[in-house]
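Colleague: For the sequence shown, the residue numbers in the working numbering are 6 to 73. My structure is below; once you've seen it, I'll send some questions.
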Amino acid sequence: MKIKYFEDTDTALLEFSDHPVFETKEINENIYLDLDEEGNLIGMTIEHALSLANINEVSFQQINRQVA
6 MKIKYFEDTD TALLEFSDHP VFETKEINEN IYLDLDEEGN LIGMTIEHAL
56 SLANINEVSF QQINRQVA
C-alpha cells in the first residue's frame, strides 16, 4: 500500500494495488474509488484530505492472528 499526499491540492491518494484502473466511482464530492475490471478496489482519492481524513497522522498496526 502506498499513500501519496499532494500538498498543492490537499489531496491524498491511497494505492492498494498496481493493477490498471478500469473505473472510478464517485462516493461523494470528495471521495473517489478506483476499481479494476473485476470490481476490486485499486485506490482511493480523498480531496480536502487535511480536514476530512486527518492526514496529519498516519499509523499502521499489524495484528497477528492467534494460533490455537
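Cβ coordinates follow ideal geometry from the N, Cα and C atoms, glycine included. As the structure is a computational prediction, the values presented were derived from the model and not from experiment.
Using the rule of at least 16 other Cβ atoms within 10 Å of the residue's Cβ for burial, across every protein chain shown, is Thr14 buried or exposed?
Modeller: When all chains shown are included, Thr14 counts as exposed.
Colleague: So the alpha helix (DSSP H) Ala17 belongs to, where does it begin and stop?
Modeller: That residue, Ala17, is in no alpha helix (DSSP H); its beta strand (DSSP E) goes 16-20.
Colleague: How many angstroms separate the CA atom of Phe11 from the CA atom of Ala17?
Modeller: Between Phe11 and Ala17, the C-alpha separation is close to 6 Å.
Colleague: Express the C-alpha separation of Thr50 and Asn40 in angstroms, rounding to a whole number.
Modeller: Looking at the sequence provided, one finds Leu at residue 40 rather than Asn. Going from the Cα of Leu40 to the Cα of Thr50 covers about 12 Å.
Colleague: Go ahead and label Gly48 buried or exposed: buried means 16 or more other beta carbons lie within 10 angstroms of its beta carbon, across all protein chains shown.
Modeller: Its Cβ being crowded by 16 or more others within 10 Å, Gly48 is buried.
Colleague: For Phe21, I'd like the list of residues in its chain whose CB is within less than 7 Å of its CB, leaving aside the five on either flank, ordered along the chain.
Modeller: Contacts found: Met6, Leu46, Ile47, Gly48.
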